[in-house]
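Numbering of the sequence shown is given in the numbering used here, commencing with residue 9 and proceeding in unit increments.
Backbone N, C-alpha and C fix where the C-beta goes; we use that ideal spot for every residue, glycine too.
Structure, as structure tokens:
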Amino acid sequence: MLKVLKFGGSSMADAAHYKKIKDIVAADSSRRVVVVSAAGKQNKADHKITDLLYLCYAHLQYSVSCDGIYQLIRSRYCSIRDDLGLQTDLDPAFDALREKMERGISLDELVSRGEYFSAVLMADYLGFEFIDAASWLYFRYDGTIDQEKSYAALRELAEGKCVVIPGFYGLMPDGKVRTLTRGGSDITGALAAAALDADVYENWTDVSGILMADPRVVDNPKTIERATYNELRQLSYSGAQVLHEMTVFPVREKKIPLRICNTNEPEHPGTLVSEEFVEAPSPAQRFITGIAGKKDYSIMTISKKGMSGNVSTFREILEIFENHSVPVEYTPNGIDCVSLVASTEKFAASQYTIIDELRNTIHPDSIKVSDEISIVAAVGRKMAFRAGTSGKIFAALGQVGINIRMISQGPDELNIIVGVDNKDYANTIRVLYNAFVK
Ligand code: ASP
9 MLKVLKFGGS
19 SMADAAHYKK
29 IKDIVAADSS
39 RRVVVVSAAG
49 KQNKADHKIT
59 DLLYLCYAHL
69 QYSVSCDGIY
79 QLIRSRYCSI
89 RDDLGLQTDL
99 DPAFDALREK
109 MERGISLDEL
119 VSRGEYFSAV
129 LMADYLGFEF
139 IDAASWLYFR
149 YDGTIDQEKS
159 YAALRELAEG
169 KCVVIPGFYG
179 LMPDGKVRTL
189 TRGGSDITGA
199 LAAAALDADV
209 YENWTDVSGI
219 LMADPRVVDN
229 PKTIERATYN
239 ELRQLSYSGA
249 QVLHEMTVFP
259 VREKKIPLRI
269 CNTNEPEHPG
279 TLVSEEFVEA
289 PSPAQRFITG
299 IAGKKDYSIM
309 TISKKGMSGN
319 VSTFREILEI
329 FENHSVPVEY
339 TPNGIDCVSL
349 VASTEKFAAS
359 QYTIIDELRN
369 TIHPDSIKVS
379 DEISIVAAVG
389 RKMAFRAGTS
399 GKIFAALGQV
409 GINIRMISQG
419 PDELNIIVGV
429 DNKDYANTIR
439 VLYNAFVK
């Protein structure tokens with residue numbers, strides 16, 4: 009049994025958290041591969057090391073001294089080391105880094121150092137071997153990850169060992185360091201889990217799993233105990249702050265389950281995400297997995313008599329949106345009308361040109377645009393087993409006078425999406441939560 013663990017910035021913020029990590033790793037002998045982020049904020053007023061490194065680079069670009077910021081970074085790691093009673097010699101690496109900053113260092117290499125120093129310290133503290141991400145995580149020239157080459161390299165380096173790996177970066181074919189997108193240590197962890205065919209990928213953060221609704225909208229929402237990868241994708245697409253799809257791709261591809269856990273509450277089971285679960289539908293079971301939403305959408309409704317009989321109209325409409333690079337997220341339709349739902353941010357700049365082109369191309373009877381629309385999605389794999397789910401949703405919203413501006417149900421019956429006015433956004437989420445979860 010092998011578990012690959014990834015600890016995020018808040019779990020790496022100070023010596024107290026390193027101690028918690030040591031306990032977590034010691035509690036289970038299958039926890040043998042640990043991927044770490046750079047130190048995050050110790051409190052609200054503090055700074056993430058990665059942000060400070062970006063700031064250093066900006067100073068270097070404008071030839072303004074970055075000594076103060078550099079010292080802040082260096083002393084942060086030195087005090088973690090001292091607080092843990094370690095003897096790790098960080099001086100040579102920090103001196104070399106400072107020198108390289110003077111000579112000229114790439115942005116990616118500089119900002120990758122947060123993860124590097126975190127991993128060096130954590131390896132020493134756990135008594136695990138340090139494996140540099142630059143020695144196995146290989147990018148191609150186009151910026152994509154060469155999974156095959158990377159997996160083979162990590163297997164060679166780490167198979168059967170207890171190791172710590174820095175997240176967030178890897179190596180380009182020309183030997184230069186390259187970083188992943190922000191938050192990319194999650195991806196490193198997933199790649200390591202996939203490379204080593206782990207039984208579980210544990211992603212340790214500062215929340216006890218994924219919540220069933222946004223805690224800023226619903227008081228104390230329950231944790232999602234189990235979700236499928238499909239549900240996770242639906243929730244994140246619909247606005248939930250959960251792991252990015254890119255992150256889960258490597259583990260999902262290998263059918264490795266993902267557990268999201270809390271470093272500060274390690275006994276909490278968190279959320280387990282898997283390709284599928286064997287479960288008998290029972291009436292007592294909760295059949296909504298989570299509720300998510302996003303504000304600020306626009307709905308364009310195009311009406312034209314005889315539209316449904318014309319084979320090319322729909323394509324022509326979508327082509328115009330495509331030409332303006334406006335992604336259309338939903339397309340509910342009636343007999344002779346269709347609505348296109350797009351984020352206002354992406355739609356606003358080309359709105360008038362799109363209307364003009366639509367008028368000239370498909371000659372509609374009318375085009376109406378409504379802004380300030382929110383999209384709220386109820387997601388659940390078990391909805392497919394239930395008759396009457398949408399009825400219950402509409403009844404609950406109707407009872408409190410929320411006007412539904414748009415309805416869409418995915419053919420996979422994994423979600424029911426409603427469009428409401430922005431002003432009804434929070435209330436819609438609360439009403440659905442109270443109706444289905446509480
Ligand atoms: N430290 C990097 C960031 O702040 C990567 C990570 O934490 O995952 O984005």
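Item	Value
To the nearest angstrom, how far is the alpha carbon of residue 61 from that of residue 202?	29 angstroms
Exposed or buried, which one is residue 9 when buried takes at least 16 other CB atoms within 10 Å?	exposed
Determine the burial state of residue 244: buried for a count of at least 16 other Cβ atoms within 10 Å of its Cβ, exposed for fewer.	buried
Closest to residue 377 by C-alpha separation, out of 306, 400, 326, 395, would be which residue?	306
Just list the beta strand (DSSP E) runs in the region 102-179, keeping only unbroken ones of 3 residues or longer that don't cross its boundaries, in chain order.	171-174, 177-179
If you reduce the DSSP assignment to three classes, tell me which class residue 398 lands in.	helix
Considering residue 423, what are the terminal residues of the beta strand (DSSP E) in which it resides?	423-429
List the endpoints of the continuous beta strand (DSSP E) containing residue 279.	279-282
From what residue to what residue does the beta strand (DSSP E) around residue 346 run?	345-351
DSSP has residue 386 in a bridge; who is on the other side?	299, 424
Looking only at its own chain, which residues have a Cβ that is under 8 angstroms from the Cβ of residue 194, when we skip the five neighbours before and after it?	14, 16, 175, 211, 251, 252, 255
Going by the DSSP bridge assignment, what does residue 15 pair with across the sheet?	44, 212
Among 371, 137, 325, 218, which has the Cα closest to the Cα of residue 349?	325
Taking residue 11 and residue 45 to be in contact with their CB atoms under 8 angstroms, please state how far apart those CB atoms are, rounded to whole angstroms.	Residue 11 to residue 45, Cβ: 18 angstroms. No contact.
Can you list, in chain order, the residues of its chain with a C-beta nearer than 7 angstroms to that of residue 438? Leave out the 5 residues immediately preceding and following it.	225, 226
DSSP beta-bridge partners for residue 417?	424
Express the C-alpha separation of residue 76 and residue 228 in angstroms, rounding to a whole number.	41 angstroms
I'd like the span of the alpha helix (DSSP H) that includes residue 366, first residue to last.	359-370
Can you look up residue 294 in the DSSP assignment and give me helix, strand or coil?	coil
Please list the segments of the beta strand (DSSP E) lying wholly inside the region 225-278, counting only runs of 3 or more residues, in order along the chain.	234-236, 266-270
Quick check on the DSSP output: the alpha helix (DSSP H) that includes residue 336 runs from which residue to which?	Element bounds for residue 336: n/a, residue is neither H nor E.
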